Every structure is written in structure tokens, then in C-alpha cells.
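Residue numbers (numbering that gives the first Met the number 0), protein chains in the order written: chain A, 0 to 176; chain B, 0 to 201. Working notes, structure below.
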Amino acid sequence: MTPQTACKMCELISSRKDVLFESDKTIALLSPTPSAVGHVVLLPKEHFPIFEKVPDAVVKELFQTANKLSIAAFEGLRAEGTNILVQNGVSAGQSENHFMLHVLPRKQNDGISFPWNSKQLSEEELSGIEAKLKDETFRIGVVESEKPKPVEAKKPKEISDEKEQENYLLKQLERLP
Amino acid sequence: MPEELGPEEIARLQKEQCIFCHITNGRVPSKKIYEDDNCVAVLDINPLAPGHVLLLPKEHYVILPQIPDELIGHLGFVARGLSQALLRGLQAEGTNVFIANGGVAGQRAQHVLIHVIPRNANDGVDFSLPAGKISDDDRQKVFLGLSQGVKKVLGAVPQQAIASKPAQDNSAKPQAKPSPDTPKPSPDAKKSLDDITKFLAK
């Protein structure tokens, strides 16, 4: 992986500011721009821009740690609830080019809300989506080695730098039958 | 509701009345898009966006802290796979993974649910996190409180992390310069965000 000298989160990690917990591969810090009291950002130490690039073992550890940080918020801040959030992609709200999980302690009337405007879909629409997704989910659980792999075996090529990522999905779609 | 129920009785009743347990055992129909021994993923019939997936453990757990580590890790692993399925199968531009622990956090069901939601620009869904500020004083209090919590749950915070350099040689971390000249996020960082958009675009 190329060093990400321009990555704000890599810099934050290096700064060791407000480190709450760290392991060999992960680190949890207070968010520098908290959206809630006790907002924690939990990141892989290695620079992965999006969820799909994070290796299996690191993903598992991140979720386990997020849960523990959530419990720590209950214990240490008397939180009444917690949210764990991933923003994967700019359209999903991702603001930094480094994968992270957010752990947000919650309390009654804390002024935070995630709007929940449910939609109604027809049976047909739902069935169509079901079919499309089933076509993809068979890949889950295909045994992968522990060593970090930027792409699965079935994907067309390895991604080695940011520039190539631009065309990654396009190329992948082009190669689908 | 009969009186004087023991905790086991309550748990049993909860399971019996849990619609999500009925979904996993097939008593209630659902659109399952993934299933393994430990968990199942179904389409939310009241989705925030088309393709909104609910990932749930087959075992009845009410909140995340009840779930054993191994299973939590597995759920994270599957969530990543579901996210990927949404990007590829529905050409989503991005995905959110969202967990609500507790009513005040938005938890509505009595069964742990992990939401995996496909995202696109202007889709009417919002999981943005406004950047807030906090005074140094408050920050310190929060840090202390959380540290105590972390200590209880995870053991002592490794204080040597503050002084030491990162252990891995092949990691992507920059060699930090502690000088005040530490560069601000450069235009490259912004470009990277643009790259993410294009990367995940159709």
C-alpha cells in the first residue's frame, strides 16, 4: 500500500491524539469533530479507503471492537444507547478517504436524529431486487486468506493505487457477461 | 400477561413473539438474500431505499453487547459482503452500515439488526454526521470517562502507544513529523474523495 501522506486520518493516527484503545491493526480515538458527546472513530491503522478493501481479519476485529467501545460508552459515559455507523462512499456521507467506524453514544434528547423515511415498494420491485442481490451474495464466505487482498479472486484485477480505483467498478461491470 | 415470570420464561416468550426469529425459522415469509448457519439477511419491506438489507443473527439477541465476539466478527464480515453485493448488484454509489443499540438510538426491534443500506446521491436518505466542536475541558472529561469505560471492558489503555511509533513496517501510515509544520490535508486528500465517488459510481 502506498503511504498516504495526505490522509487526514493517517495523520490523526500518527498524532496519537486521544487514543482510547489500540491493537496491532486497529485504533480508536475521540473524533476530532464530534457529532455526539463521546463520538469515537475506530479505524484500521493501515490505509484502506473503503469497506470492500479491508481484509477479513481486520473487518472482524473492527466490529468486535466497535461493540466493546459501545459497551465502554454505556459504562463510562452513562450512555443510554449507541449507534455504530459506516459511511462507505461519498454518497453515504463518507468525508475522509480512510475507512472507519463511528461509535456514537446516545442519550434522550441529545439533539441527534437519523431521519427514517421508509418507502413502500411493490412485491415486484422487491422480488427484482431479491434476485439481483442473490446473484451477488453467493460470494460471501468464499474462503479468503488472512493476508490483505485488495480484490477477490473473481474480480478482474488488483488495485494498486487510487487512480485505478476510478475505473475499477466500470471495468468490472464491463467484464460481467 | 401472567405474573411472576422468571427470566428464562421471559426470554422464551420474547423469542416466541419475536417476528425476526420467525423470519429466520421461516414461519414468517421474507425475501432472504443470504443465509448461513449463524445469520440471515433479508430485504427490509419498509426500506429507506430499494435494496435496504437487514442482517440478523439467527440466535435471539436483543442488543449487540449480548452477542459473542466470534459472531460479531462474522456479522461484520457478512456486512461487508452485503455492502459489496449492493454496489455490484444494484450499482449503488455507496452503502451505509447502521446499528442501533437501545431505543434512544433508534432501535425499534427486540432483535439485533444490522442495516446495510445502498446509497446514491439525492436518494432522500441521510446518514451524515455534522462536524461539531467541543471545548478542551469537556473533551478531557469525555476522554477520561470513556477511558474508564474502555479500561473496564477492554483492559488498560496501552499508554505506550502515545510515545511509540507504529509497530508495523509495511503499513500505510506516514512517518509522523511532530513539528508544528505538519502539513494540512492537501488537495490530494480532496482528490481522493472525488476518486471514491468515481470509484463507486456506475
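Backbone N, C-alpha and C fix where the C-beta goes; we use that ideal spot for every residue, glycine too. Nothing here was measured: the structure is a model prediction, and the numbers come from that model.
Please report the straight-line C-alpha distance between Arg-105 of chain A and Gly-25 of chain B, rounded to a whole angstrom. Walking along the first sequence from the start, residue 105 of chain A turns up at place 106. Walking along the second sequence from the start, residue 25 of chain B turns up at place 26. Between Arg-105 of chain A and Gly-25 of chain B, the C-alpha separation is close to 34 Å.
Note to self: So, at 8 Å on beta carbons, what are the nonlocal neighbours of Ala-162 of chain B in its own chain, with the 5 sequence-adjacent residues on each side left out?
What the structure shows: In the second sequence, the residue the question calls residue 162 of chain B occupies position 163. No answer about Ala-162 of chain B holds up, because its pLDDT of 37 lies below 50 and its placement is not dependable.
Cys-38 of chain B: first and last residue of the uninterrupted beta strand (DSSP E) it sits in
Here residue 38 of chain B refers to the residue found at position 39 of the second sequence. Counting along the chain, the beta strand (DSSP E) containing Cys-38 of chain B begins and ends at 38 to 42.
Assuming the contact rule is C-beta atoms closer than 8 Å, Leu-145 of chain B and Gly-80 of chain A should be a hit. Round their C-beta distance to whole Å, please.
For the purposes of this step, residue 145 of chain B is identified with residue 146 of the second sequence, where counting begins at 1. For the purposes of this step, residue 80 of chain A is identified with residue 81 of the first sequence, where counting begins at 1. Not confirmed; about 16 Å, so no contact.
- Query: Taking Pro-117 of chain B as the reference, which of B:Cys-17, B:Gly-80, B:Phe-76 has the closest Cα?
  - Reply: The count along the second sequence starts at 1 and reaches residue 117 of chain B at position 118. Checked all of B:Cys-17, B:Gly-80, B:Phe-76; the closest Cα to Pro-117 of chain B is B:Gly-80.
**Q.** Exposure label - Gln-93 of chain A; buried when at least 16 CB within 10 Å
**A.** For the purposes of this step, residue 93 of chain A is taken as residue 94 along the first sequence, with counting starting at 1. Answer is buried; the Cβ neighbour count reaches 16.
*Would you please verify whether the beta carbon of Ala-99 of chain B is less than 8 Å from any beta carbon of chain A?*
Along the second sequence, read from residue 1 onward, the residue named residue 99 of chain B stands at position 100. Chain A contact via Cβ: present.
- prompt: Using the rule of at least 16 other Cβ atoms within 10 Å of the residue's Cβ for burial, across every protein chain shown, is Pro-165 of chain B buried or exposed?
  reply: Looking up residue 165 of chain B in the second sequence gives position 166. Confidence is the limiting factor: at Pro-165 of chain B the pLDDT is only 42, short of 50, which leaves the residue's position unreliable and the question unanswerable from this model.
query = Is the shortest distance between the beta-carbon of Thr-94 of chain B and the beta-carbons of chain A less than 8 Å?
reply = Taking the first residue of the second sequence as 1, we reach residue 94 of chain B at position 95. Thr-94 of chain B counts as touching chain A.
Taking just the CA atoms, how far does Asp-36 of chain B sit from Val-27 of chain B? As a first step, residue 27 of chain B is located in the second sequence; it is residue number 28 there, counting from the start. As a first step, residue 36 of chain B is located in the second sequence; it is residue number 37 there, counting from the start. So the alpha carbons of these two residues sit roughly 18 Å apart.
* Note down, in chain order, every chain B residue with its Cβ under 9 Å from the Cβ of Phe-50 of chain A. => As a working mapping, residue 50 of chain A is identified with position 51 in the first sequence. Chain B residues near Phe-50 of chain A: Ala-78, Arg-79, Ser-82, Gln-83, Thr-94, Val-96.
- Item | 4 or more residues per run - each alpha helix (DSSP H) lying fully within the region 52 to 124 of chain B | You should have 68 to 89.
Assuming Asn-87 of chain A contacts Thr-94 of chain B under a Cβ cut-off of 8 Å, what Cβ separation, rounded to an integer in Å, is found between them?
-> Locating residue 87 of chain A in the first sequence gives position 88, counting from the first residue. Locating residue 94 of chain B in the second sequence gives position 95, counting from the first residue. About 5 Å separates the two Cβ atoms, so the contact holds.
Consult DSSP for Pro-173 of chain B and reduce its assignment to one of helix, strand or coil.
Sequence index remark: in the second sequence, residue 173 of chain B carries index 174 (1-based). The predicted model places Pro-173 of chain B with a pLDDT of 46, which falls under 50 and marks its position as unreliable; any figure quoted below should be read in that light. Pro-173 of chain B: coil per DSSP, three-state reduction.
Q.
Just to confirm the assignment, what range does the beta strand (DSSP E) spanning Lys-24 of chain A have?
A. Along the first sequence, read from residue 1 onward, the residue named residue 24 of chain A stands at position 25. No beta strand (DSSP E) contains Lys-24 of chain A, which DSSP labels as neither H nor E.
Give the secondary structure of Ile-49 of chain A by DSSP, where H, G and I count as helix, E and B as strand, and everything else as coil.
Numbered from its first residue, the first sequence carries residue 49 of chain A at position 50. It is coil, neither helix nor strand.
| query | What is the rounded straight-line gap between the Cα of His-101 of chain A and the Cα of Pro-31 of chain A? | reply | By 1-based counting over the first sequence, the position of residue 101 of chain A is 102. By 1-based counting over the first sequence, the position of residue 31 of chain A is 32. Looking at the two C-alpha atoms, the distance is approximately 12 Å.
Using a beta-carbon distance cut-off of less than 7 Å, what residues from the region 139 to 151 of chain B approach chain A? Going along the region 139 to 151 of chain B in chain order, one finds Val-141, Phe-142, Gly-144, Leu-145, Ser-146, Gln-147, Gly-148, Val-149, Lys-151 with a Cβ nearer than 7 Å to chain A.
Excluding sequence positions up to five away, which residues of its chain have a Cβ less than 6 Å from the Cβ of Gly-154 of chain B?
Numbered from 1 along the second sequence, position 155 holds the residue referred to as residue 154 of chain B. Closer than 6 Å at the Cβ level, and outside the excluded window around Gly-154 of chain B, lies no residue.
Residue burial classification, Lys-30 of chain B (beta-carbon count within 10 angstroms, cutoff 16) | Counting from 1 along the second sequence, the entry for residue 30 of chain B is found at position 31. When all chains shown are included, Lys-30 of chain B counts as buried.
**Q.** Exposure of Glu-10 of chain A, with buried meaning 16 or more beta-carbon neighbours within 10 Å
**A.** Translated into the one-based positions of the first sequence, residue 10 of chain A becomes position 11. Glu-10 of chain A comes out buried.
Return helix, strand or coil for Phe-20 of chain A, following the three-state DSSP convention. Start at 1 with the first residue of the first sequence, and residue 20 of chain A comes out as number 21. Three-state result, Phe-20 of chain A: strand.
- What residues match up with Val-85 of chain A in a beta bridge as DSSP calls it? Counting from one through the first sequence, the residue named residue 85 of chain A turns up at place 86. In the DSSP assignment, the residues bridged to Val-85 of chain A are B:Val-96.
Could you confirm whether any beta carbon from chain B is found closer than 8 Å to the beta carbon of Leu-29 of chain A? In the first sequence, counting from the first residue as 1, residue 29 of chain A sits at position 30. Yes, Leu-29 of chain A counts as interfacial toward chain B.
request  = Would you tell me roughly how many angstroms separate the C-alpha atoms of Phe-50 of chain A and Glu-3 of chain B, rounded to the nearest one?
outcome  = In the first sequence, residue 50 of chain A corresponds to position 51, counting from 1. In the second sequence, residue 3 of chain B corresponds to position 4, counting from 1. Each residue's Cα considered, the two are about 47 Å apart.
- Query: For the alpha helix (DSSP H) that contains Pro-6 of chain B, what are its first and last residues?
  - Reply: By one-based count along the second sequence, residue 6 of chain B stands at place 7. Pro-6 of chain B -> alpha helix (DSSP H) spans 6 to 16.
By how many angstroms is the C-alpha of Pro-56 of chain B removed from the C-alpha of Lys-16 of chain A?
In the first sequence, the residue the question calls residue 16 of chain A occupies position 17. In the second sequence, the residue the question calls residue 56 of chain B occupies position 57. Approximately 36 Å between the Cα atoms of the pair.
Can you check whether the C-beta of Asn-45 of chain B is within less than 8 Å of a C-beta belonging to chain A? In the second sequence, the residue the question calls residue 45 of chain B occupies position 46. Yes, contact with chain A.
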